[in-house]
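Protein sequences, first through last, are from chains A and B. The opening residue of the first sequence carries number -12 in the numbering used here; numbering runs sequentially from there. The opening residue of the second sequence carries number 25 in the numbering used here; numbering runs sequentially from there.
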Amino acid sequence: QTDSITSGVPGPFREHDGLKSNQCSLHPFQVSFHQLGWDHWIIAPHLYTPNYCKGICPRVLQYGLNSPNHAIIQNLVNELVDQSIPQPSCVPYKYVPISILLVEANGSILYKEYEDMIAQSCTCR
Amino acid sequence: KIGQPSNALMADAPSLPLIRELLEGAPGKQQRKPPVLGHPLRYMLELYQRSADARGRPRENRTIGATMVRLVRPLADVARPLRGPWNIQTLDFPLRPNQVAYQLVQATVVYRHQLHLARFHLSCHVEPWVQKGPTNHFPSSGGYSSKPSMLYKAWTEMDITQHVQRLWNKKGRRVLRLYFMCQQQKGSDILELQWHGTSSLDTAFLLLYFNDTHESVQKAKLLPRGLEEFMDDDSSLLLRRTR
């Protein structure tokens, strides 16, 4: 039961019940295809919002973070067994696709849906 | 690596699928062919706006029915000698192979059914070229469903999926040949008609609709038999143990 574990594991999280600002979370981020150097073959859209995940993974992985069991175990290993084993990382959990209108090398115009292009949520794993 | 050309940047990580695809598909700046302007580009922009929102997110209610649509330009337009009231332009469309993971689900030829050439007002339609027997003669296949184009009143969209699919599975170089046939509306002979002033892009272009079979194949592989029908969008939920 996580209650028994948390009472035994010291950490900043125990002091605050809510999420701290530096904890793993989704950060909005927008670029233009011009910045990526792709504007000479991408017609639309002009702007692209990939977002990104950043933050530390709390010692106790709340249910909302959708972390797999392995992440909990890796945390405990880092804390109780071997600190050279890294804590779980804050990475995207869910993605959504993006539609792109582009010009191919032979001049054809292509509408294409690319999967996993926008991070929609984050997890620790 | 600011300032380096983006292609060089991408070369560092060829193993990532998207980047590899971009390396193969994206034209380099110097190689870029002039963009297809005019009706084809406007048609694709309209199709894009109907299928994706301003941020590029695919619309939930999109009716496109495919994850990839390619607009193909005709290779050449050859005006055939006059024969009776008809004037015929031969249009050849290259059917280039795709990445393996895409399957052709629809093919539509979009053409101008009303044409003004010089002082002539013409009505036109398209006939796929079908080889019948050792001597190929003028096709009269018909039976293709047509509808007014979503973009221009003077244009028509004709569904030629079955015809193209027969060609699609052939080996070697595949070219779809269409006849673009015009008749002066009053039915009299057309004299001195100057086709050559008309670019084939002004008369017809081909749309090929593909679906990405890769994802569905992967999902089918991962799931034990009999579970597929329970599969919903959140497939990873099905595979994870609840805590």
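C-beta atoms are modelled at their ideal positions from N, C-alpha and C, and glycine is treated no differently.
Tell me where the beta strand (DSSP E) around residue i begins and ends.
i: Val96/B; result: 92 to 96
i: Ile105/A; result: 96 to 111
i: Lys171/B; result: 170 to 172
i: Thr227/B; result: Per DSSP, Thr227/B belongs to no beta strand (DSSP E) and is neither H nor E.
i: Ala161/A; result: A question about residue 161/A goes unanswered here, because the residues of chain A that appear run from -12 up to 112.
i: Asn38/A; result: First-last for Asn38/A: undefined, no H or E at that position.
i: Phe16/A; result: No beta strand (DSSP E) holds Phe16/A; DSSP gives it neither H nor E.
i: Ile87/A; result: 77 to 90
i: Leu146/B; result: 144 to 152
Taking 7 angstroms as the threshold (C-beta atoms), are residue j and residue i in contact?
i: Ala268/B; j: Val129/B; result: With chain B covering 25 to 267 only, the question about residue 268/B has no answer from this structure.
i: Met24/B; j: Lys99/A; result: Because chain B in this structure spans residues 25 to 267, residue 24/B falls outside the shown range and cannot be described.
i: Cys44/A; j: Cys111/A; result: yes
i: Pro32/A; j: Gly62/B; result: no
i: Leu200/B; j: Ile96/A; result: no
i: Asn9/A; j: Gly42/A; result: yes
i: Pro82/B; j: Ser19/A; result: no
i: Ala131/B; j: Asp116/B; result: no
i: Phe234/B; j: Tyr126/B; result: yes
i: Leu13/A; j: Ser108/A; result: yes
i: Leu119/B; j: Arg198/B; result: yes
i: Asn53/A; j: Tyr82/A; result: no
i: Trp179/B; j: Val134/B; result: yes
i: Met205/B; j: Ile112/B; result: yes
i: Trp25/A; j: Val90/A; result: no
i: Leu34/A; j: Tyr72/B; result: no
i: Pro73/A; j: Glu102/A; result: no
Which residue comes first and which comes last in the alpha helix (DSSP H) that contains residue i?
i: Thr185/B; result: 185 to 192
i: Arg74/B; result: 63 to 75
i: His57/A; result: 56 to 63
Please name the residue or residues paired with residue i in a DSSP beta bridge.
i: Arg136/B; result: Trp179/B
i: Cys11/A; result: According to DSSP, which records beta bridges pairwise, Cys11/A is partnered with nothing at all.
i: Lys195/B; result: BP columns for Lys195/B are empty, so no partner.
i: Leu48/A; result: In DSSP, Leu48/A forms no bridge with anything.
i: Glu111/B; result: It should be noted that the sequence gives Asn, not Glu, for residue 111/B. Asn111/B is bridged to Cys206/B.
i: Ser71/A; result: Looking at the DSSP assignment, Ser71/A forms no beta bridge with any residue, so it has no partner.
i: Glu66/A; result: According to DSSP, which records beta bridges pairwise, Glu66/A is partnered with nothing at all.
i: Pro118/B; result: Val199/B
i: Asn2/B; result: Given that chain B is displayed from residue 25 to residue 267, the structure contains no residue 2/B and the question cannot be resolved.
i: Ala78/B; result: In the DSSP output, where bridge partners are listed per residue, Ala78/B has none listed.
i: Ile43/A; result: Gln10/A
(request) Please list the residues of the segment 29 to 51 of chain A that have a C-beta atom closer than 8 angstroms to any C-beta atom in chain B, keeping them in chain order. (result) Listed in sequence order: Ile30, Ala31, Pro32, Leu34, Tyr35, Thr36, Tyr50.
(request) For the segment 82 to 110 of chain A, enumerate the residues whose C-beta is nearer than 9 angstroms to any C-beta of chain B, in chain order. (result) Correct list: Val83, Pro84, Ile85, Ser86, Ile87, Leu88, Leu89, Val90, Glu91, Ala92, Asn93, Gly94, Ser95, Ile96, Leu97, Tyr98, Lys99, Glu100, Tyr101, Glu102, Asp103, Met104, Ile105.
(request) Note down, in chain order, all residues in the segment 75 to 105 of chain B with a beta-carbon under 8 angstroms from any beta-carbon belonging to chain A. (result) Taking 8 angstroms as the Cβ-Cβ cut-off against chain A, the residues of the segment 75 to 105 of chain B that qualify are Ser75, Ala76, Ala78, Arg79, Gly80, Arg81, Pro82, Ile88, Thr91, Met92, Val93, Arg94, Leu95, Val96, Arg97.
(message) Along the segment 62 to 74 of chain B, where does the CB come closer than 9 angstroms to a CB of chain A? Name the residues.
(response) Going along the segment 62 to 74 of chain B in chain order, one finds Pro64, Leu65, Tyr67, Met68, Leu69, Leu71, Tyr72, Gln73 with a Cβ nearer than 9 angstroms to chain A.
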